[in-house]
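Working notes, structure below.
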Amino acid sequence: MLQAYRKRFNEEQFSAERYRELLSRLEERTRSPIEFRVCETPCFFPKELLESLVETGRKLIHQLIDSPEYMRRSEETIPPKYRVPNDNPQPNFAQVDFGLARDAAGDLVPKLVELQAFPSIYGYQEILSEEYARVYGLGEELEWRFGGLDSAGYWDVLRRTIVGDHAPENVVLIEVEPEQQKTRPDFNVYADRLGVRTVDIAKLRKEGNRLFYEREKGSGGPVWVPIERIYNRAIVDEIERKGIVPGFDYRDELNVEWAGQPNWYFRVSKFSLPYLQDASVPKAVFLDDWLAGRREGLPEDRERLLLKPLYSFAGKGIQFAPTDADLAAIAEDERRLYLLQERVSFAPVIETPWGPTQAEIRVMYCWPEDASEMIAMTSLVRLGRGLMMGVDHNRNQEWVGGSSALFPRRES
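Sequential numbering of the sequence shown, starting at 1188, is according to the numbering used here.
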C-alpha cells in the first residue's frame, strides 16, 4: 500500500532506537505502561480506500438503526437484567472493522469483520498517530483524522460526545477494575484532555435515583460527587465473567445521561451480521438456523467456516473449522447465541522485514447528541500474521500489533 511511503519508511525512517523512543513517548504522554503490543510501523493507505471504508461503515450502521424491524428484533438481544430504561435515539459510538481480501480478479476488496456500537480507544489512538508522525519524521503531508478534522476539531467532537453540556467533574468514565485494564492509557488521556475521571463500576454509590463517585479532598476525607453523565466502558461480558456487582442496577430509572448507552452494545454487534446486505459482508447465520437447514449459501467445507459467540470478550470463544461434535456440544437453548460465518482469507498487504503482513482496519465514529449524523474520527489498525488479528494473539512476533492508518492529505 502506497509503496513509495512504505519503502522509504522501511529503508530510511525506521530504526530500533526510534521505536524505543516511540514506546517511551507513548508511556510518557499516557502516564501509563503500554501493556499491549505497539506495532513498529504505521500503515500507509490511499485516501480513497479509507474514505470508501468510512462510507461503507456508515451505510452498514444505518441499515440497522434505520430499520424498525431490525430494531424490534435487536431489542430481544438485551438481557433483561442489563436492559437500561430510556434508549438513546442513536448510538454515541460505533466501530466497524474491515479486512482486505482479493476478489476473483485479484483486486483488493474490503470485507467486514464485525461492528459494534461501543467506544474504542479514541484518546490513545490520537496520541499514537501523533507520535508515529513525530518520532519517525513523517512530515506534514500525511494525516490520520477523517473529514478534515484537525486536533482541535477532533477533541471538540469527543468533548461534545463524552462530556456534553456538563461540568467535567460530574462526568465519569466507568469500567470494571479500571486499574487492571490494558486500556488505562486511553483513560488517562481523557482525564488530561477532558477532565473526566475514571471510576470502578463497583464503587459507585446510589442514593435515590442519583449516582455518586468518591473523591478525596485533602484532610477532610472523601467527598461524594454527583454524576450527571456516564462515559460507559464497562462490558457486560466481563461483569458476568468476573462476578462483578455494579454500584447500581442497570434497570434503575436513574437521573443520569449515558455517553454510550449500554443497550447499544447488544443492538449493534455480531448479532447484526445476518441482517446486513452488502458485498463487503461475509455470509453468516445463527447456529440454530444452520442446524435447521437454513444455511444462506454458506460453504459446506468446515475449513471455510467460523463459529462465533455473539457476546464474548477480546476474541475469546471464536472457533475455526468447527466439527459436528463442536456444534452439537452447544446446548440447544444457547444455539441462538452463536453464529456460523463464512471465513475470509485476508491478503497480506503490508511489507515488513518479517514478511507480508495482514491488516485489519477499524473505522471509529462518534455521534454527539447535537449532530445530525455520525462523525468518522480516525482509524485503528491491527497488524498480524496469525489466525487472529488482536494484539493478544501476536505477542511473540515483531512488526505486528496495534497501529494506525496514515494517508496523504492530497492524492498524488
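All residues carry an ideal CB built from backbone N, CA and C; glycine is no exception.
Exposed unless 16 or more other CB atoms sit within 10 angstroms - verdict on PHE1507: Here PHE1507 is exposed. Its C-beta has fewer than 16 other C-beta atoms within 10 Å.
Enclosing beta strand (DSSP E) for LYS1495 [first to last residue]: 1492-1496
Continuous alpha helix (DSSP H) stretch holding ASN1375: start and end: 1371-1381
Residue range of the unbroken alpha helix (DSSP H) whose run includes GLY1310: 1309-1322
DSSP bridge partner residues for ILE1361 (one or two, in chain order): VAL1386, ASN1419
The segment 1188-1202 in contact with the segment 1347-1360 per 3-pair CB rule at 8 Å: no
Separation of TRP1586 from PRO1540, as counted between CA atoms: Computed Cα separation, rounded: 8 Å.
Supposed contact pair LEU1494 and PRO1509 - C-beta distance, whole angstroms, cut 8 Å: 4 Å
Which of helix, strand or coil DSSP assigns to ARG1482: coil
Reference VAL1283; option with closest CA among ARG1482, GLU1235, ALA1304: Distance from the Cα of VAL1283 is smallest, within the candidate group ARG1482, GLU1235, ALA1304, for ALA1304.
One or two residues paired with TYR1206 in a DSSP bridge: Looking at the DSSP output, TYR1206 sits in no beta bridge, so it has no partner there.
Beta carbon of ARG1132 nearer than 9 Å to that of GLU1328: Within the shown structure, residues of the chain are numbered from 1188 to 1599, placing residue 1132 beyond reach of any answer.
Backbone CA spacing between ASN1396 and TRP1445 [nearest angstrom]: 14 Å
Distance between TYR1323 and THR1544 (C-alpha atoms, nearest Å): Rounded to the nearest angstrom, the gap between the Cα atoms of THR1544 and TYR1323 is 20 Å.
Contacting residues, own chain, Cβ-Cβ under 7 Å from LEU1189 (five flanking each side not counted): PHE1231, PHE1232, PRO1233
Supposed contact pair SER1467 and PHE1285 - C-beta distance, whole angstroms, cut 8 Å: 7 Å
Which listed residue (ILE1314, ALA1281, SER1239, ASP1274) has its alpha carbon closest to that of ASN1450: ASP1274
Beta-carbon contacts of ARG1332 that lie in its chain and below 6 Å, excluding the five residues immediately before and after: TYR1341, THR1565
C-alpha gap between PRO1272 and ARG1438, whole angstroms: 6 Å
C-alpha distance - PHE1500 paired with PRO1433, whole-angstrom precision: Its pLDDT being 46, under 50, PHE1500 is placed unreliably in this model, and the value from its coordinates should be taken loosely. Between PHE1500 and PRO1433, the C-alpha separation is close to 18 Å.
Under 9 Å between C-beta atoms of LEU1287 and ALA1534: yes
Cβ neighbour criterion (16 or more within 10 Å) applied to GLU1547: A residue is called buried once 16 or more other Cβ atoms fall within 10 Å of its Cβ, and GLU1547 is buried on that count.
Endpoints, the beta strand (DSSP E) within which SER1591 is located: Run containing SER1591: none; DSSP gives neither H nor E here.
Whole-number beta carbon distance between LEU1302 and LEU1247, since they are thought to touch under 8 Å: 6 Å
Check whether ILE1314 and THR1217 have beta carbons under 9 Å apart: Yes, Cβ-Cβ distance for ILE1314 and THR1217 is below 9 Å.
Presumed contact (8 Å Cβ cut-off) between TYR1552 and PHE1201, rounded CB distance: Wrong, their Cβ atoms sit about 31 Å apart, outside the cutoff.
Minimum C-alpha distance to VAL1225 - residue among ARG1205, ARG1481, ASN1375: VAL1225 has its Cα closest to that of ARG1205, out of ARG1205, ARG1481, ASN1375.
Under the three-state DSSP convention, the category TYR1437 falls into: coil
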